[in-house]
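Trainee: Have a look at the structure that comes next, please.
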Amino acid sequence: MTAARHHITITGMAPNDTSADPRAPLLKRISPEVWAVVLWCATLVYGLLVTSYRLPGEATVDGEPAKTGPSGLGWALLATALSAVAAGSRRLRERPLSGYALFLLGPAGAAGALGMSEFPLMAFLGPAFALYLVAREHPRGTSLVAGGLALFVLVLPVAVRVLQRGNIETTQLLSVVLAVVVAWLAGDSAGQAHAHTVALHAQTAAQAITAERLRIAREMHDTVAHSIGIIALQAGAAARVVHTQPDRAGEAMRTVEEAGRETLSGLRRMLATLREPELSPLQGLADLDRLAESTSAAGVRVALTWKGARRPLPPDIDLAAYRIVQEGVTNVVRHARTEECEVRVDYGERELTLEITDRGRGPSGPGSSARGSNGFGLAGMRERVALLHGEFSAAARPGGGFRVAATLPLPAGAAA
Numbered sequence: 117m118t119a120a121r122h123h124i125t126i127t128g129m130a131p132n133d134t135s136a137d138p139r140a141p142l143l144k145r146i147s148p149e150v151w152a153v154v155l156w157c158a159t160l161v162y163g164l165l166v167t168s169y170r171l172p173g174e175a176t177v178d179g180e181p182a183k184t185g186p187s188g189l190g191w192a193l194l195a196t197a198l199s200a201v202a203a204g205s206r207r208l209r210e211r212p213l214s215g216y217a218l219f220l221l222g223p224a225g226a227a228g229a230l231g232m233s234e235f236p237l238m239a240f241l242g243p244a245f246a247l248y249l250v251a252r253e254h255p256r257g258t259s260l261v262a263g264g265l266a267l268f269v270l271v272l273p274v275a276v277r278v279l280q281r282g283n284i285e286t287t288q289l290l291s292v293v294l295a296v297v298v299a300w301l302a303g304d305s306a307g308q309a310h311a312h313t314v315a316l317h318a319q320t321a322a323q324a325i326t327a328e329r330l331r332i333a334r335e336m337h338d339t340v341a342h343s344i345g346i347i348a349l350q351a352g353a354a355a356r357v358v359h360t361q362p363d364r365a366g367e368a369m370r371t372v373e374e375a376g377r378e379t380l381s382g383l384r385r386m387l388a389t390l391r392e393p394e395l396s397p398l399q400g401l402a403d404l405d406r407l408a409e410s411t412s413a414a415g416v417r418v419a420l421t422w423k424g425a426r427r428p429l430p431p432d433i434d435l436a437a438y439r440i441v442q443e444g445v446t447n448v449v450r451h452a453r454t455e456e457c458e459v460r461v462d463y464g465e466r467e468l469t470l471e472i473t474d475r476g477r478g479p480s481g482p483g484s485s486a487r488g489s490n491g492f493g494l495a496g497m498r499e500r501v502a503l504l505h506g507e508f509s510a511a512a513r514p515g516g517g518f519r520v521a522a523t524l525p526l527p528a529g530a531a532a
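Below you can see the structure in the form of C-alpha cells.
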C-alpha cells in the first residue's frame, strides 16, 4: 500500500480528541505517542535499576565491581535523551521520519549513559512501539525507511564491536531485531485494516445514497403518475365536449381539480416524511377504496376484491402493496383503452398476494415499455417487490389484456 492512510475526522474535533466523552478509557484519552514516551521512560527506569543498583536477592560474584549510578555527565545525557524522545513523539504524526529519528536518540543516549554496549530487548520496546505507530498511520514506504533507521541504530554498535574484535550477544541482537520486525508487521497490518474499513464505510455510504435516491424516485413516480393520468384523461374528455355538453365538461374539470389537489397533498406528505428521521408510510391498503373511487370517477371502473382476514401489516409492506396497486391501475388508465379493471388483494397465512388485471386492447406484451410508463412503472414495482424478497410478474394475458401480480412474504408477527 503506497497511498497515504485516510482518516475520518468529525468536524471540530481532532482525530484523537475524545475529551468530550468523560467515560472514555485511559487508553483512549491519552494519545498513542504519549504512551510510547511512557513506555520508554519505564524501560529507562528498569535499566537504571539493573545497572546502577543491586536488587534484593541478586547473586554476587567475587571480584565484581560495585554498581554505581550515572555520573553527572550521565544524568545530563539521560535528560537530553528524554527531551529527544519527547520531541520525537510530538513529530511522529506530522513528520514521521524526523520524529522517529529523534525518538531513536533516546535509547542511544540512555545506552551511553548507562554504559551499555548493546541494546537489550527491554530498552528497545519504546522504539518498537513507536515504529508500530508509524507503520499504522503512514504509507508503507515511509514506515520501511523508519524500520531501516531502527535496524541501523541496532546494528551500528554491534558492527563497531565486531571491528574491534569484541564479543557480541548474538541471541540478544536477534531478539531485538525480531521485535522491530514484528512491530512493523503489526503496524502495517493495522494500517491496511483501517484503510479497508474506511473504504467499506465509503462504499456503504454511497450505496445508501443510491438506495435513497431510488426510493425517492419511486415515491415521486407513484405519487404523481396516477393523478397525472387521471388529469390527462379528464382534460381530454372535457376538451371534446366543452361546446356540446358543458355540464359534463364542468364535471370533468372538477375531477381534474380534485386530482390535482390530491397530488399536491400527496407531495406535501411525502416531503414531510423525507424530513423525518425514519420513514413512515404515506399510504396503505386501507386507502385502496379511495383509489378505486377516484379512478372510477376518471372513467375506469375498478372492481376491488378482498380475500382473507384483513389485518394490520408492517409499514414497509403496507406502503409497497398500495404503490404496486396504484401503479398497476395507473397503467390501465393510461394504456389499456378499457373502461374497467380488477384488483384482487389476498391476505394469505404467510404472504400477501396482489393482482391487477384488465381486458384492454392497449399496448401490451413483454417487450412493450408503454405498459410500464416508459419502463419506470414496471421497474419501480419490481424493485419494491425485490426489496421485500417477494415475487413479481407482469405480462399480457392470453385472452387479451394485461396482468400484474405480486406476492409479498409476511413476517411471523403479521401472519394470520
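Residue numbers (this note's numbering): 117 to 532.
Each residue gets a CB set at the ideal place from its N, CA and C atoms; glycine is no exception.
1) Buried or exposed: which applies to R500, given that a residue is buried once 16 or more other Cβ atoms fall within 10 Å of its Cβ?
2) When you compare the region 447 to 455 with the region 428 to 438, are there three or more beta-carbon pairs, one atom per stretch, that lie closer than 8 angstroms?
3) How many whole angstroms separate the CB atoms of A239 and T159, which I take to be in contact at a CB cut-off of 8 angstroms?
4) What residues are listed by DSSP as bridge partners for Y162?
5) At what residues does the alpha helix (DSSP H) containing V243 begin and finish?
6) Does the Cβ of L420 lie closer than 6 angstroms to at least one heavy atom of the ligand COA?
7) When you compare only the Cα positions, how much space is there between A425 and S305?
8) Please list the segments of the beta strand (DSSP E) lying wholly inside the region 392 to 473, counting only runs of 3 or more residues, in order along the chain.
9) DSSP three-state call for L294: helix, strand or coil?
10) Report the three-state DSSP secondary structure of L272 (helix, strand or coil).
11) Are L268 and A246 touching if we call contact CB-CB under 7 angstroms?
12) Please return the same chain residues whose Cβ sits closer than 8 angstroms to the Cβ of M497, not counting the five positions on each side in sequence.
13) Report all residues from its chain with a CB closer than 6 angstroms to the CB of G483; omit the five preceding and five following residues, and keep chain order.
14) Which stretch, first to last residue, makes up the beta strand (DSSP E) that contains L504?
15) DSSP has T525 in a bridge; who is on the other side?
16) Looking at A365 and Q350, is the spacing between their C-beta atoms short of 7 angstroms?
17) With a cut-off of 8 angstroms on the beta carbons, I'd call I332 and A375 a contact; round off their distance for me.
18) Contact defined as beta carbons within less than 8 angstroms: I believe A402 pairs with L420. What is the distance between those atoms, to the nearest angstrom?
19) Quick one: what's got a C-beta closer than 6 angstroms to D137's C-beta in the same chain, skipping five residues either side?
20) Is the region 464 to 476 close to the region 512 to 519, with three or more CB pairs under 8 angstroms?
21) With a threshold of 7 angstroms on Cβ separation, who are the neighbours of E455 within its own chain once the five nearest residues in sequence on each side are excluded?
Mentor: Concretely, from the data shown:
1) It counts as buried.
2) The answer is no - the region 428 to 438 does not touch the region 447 to 455, with fewer than three Cβ pairs under 8 angstroms.
3) Right, their Cβ atoms sit about 5 angstroms apart.
4) In the DSSP assignment, Y162 forms no beta bridge with any residue.
5) A quick correction: the sequence has Pro, not Val, at residue 243. Following the DSSP letters along the chain, one finds P243 inside the alpha helix (DSSP H) bounded by residues 241 to 253.
6) In the structure shown, the ligand COA is absent, as is every other ligand, since no ligand is present at all.
7) Take the alpha-carbon of A425 and the one of S305: they are about 58 angstroms apart.
8) Runs found: 417 to 423, 456 to 463.
9) Under the three-state reduction of DSSP output, L294 falls in the helix class.
10) DSSP places L272 within a helical segment (H, G or I) once states are collapsed to three.
11) The residue asked about is misnamed: residue 268 is Phe in this sequence, not Leu. No.
12) Close CB contacts of M497 within its chain, under the 8 angstroms cut and outside five residues either way in sequence, are with R439, I440, E443, G444, F508, A510, V520, A522 (chain order).
13) Legend: pLDDT at G483 = 40, less than 50; position of this residue unreliable, value from coordinates given subsequently. Counting only Cβ-Cβ distances below 6 angstroms, and skipping sequence neighbours, we find nothing.
14) Per DSSP, L504 lies in no beta strand (DSSP E) and is assigned neither H nor E.
15) Checking the sequence, you will find Pro at residue 525 rather than Thr. The secondary-structure analysis by DSSP pairs P525 across a beta bridge with E467.
16) For Q350 and A365, no; Cβs fall outside 7 angstroms.
17) Beta-carbon to beta-carbon, I332 and A375 are separated by about 22 angstroms, too far to satisfy the 8 angstroms threshold.
18) For a cut-off of 8 angstroms, the C-beta gap from A402 to L420 is around 12 angstroms, too long to register as a contact.
19) Low confidence applies here, because D137 scores a pLDDT of 48, under 50, leaving its location unreliable and the question unanswered by this model.
20) By the Cβ criterion, the region 464 to 476 is in contact with the region 512 to 519, since at least three pairs of Cβ atoms, one from each stretch, lie closer than 8 angstroms.
21) Here the set comprises G415, V416, R417.
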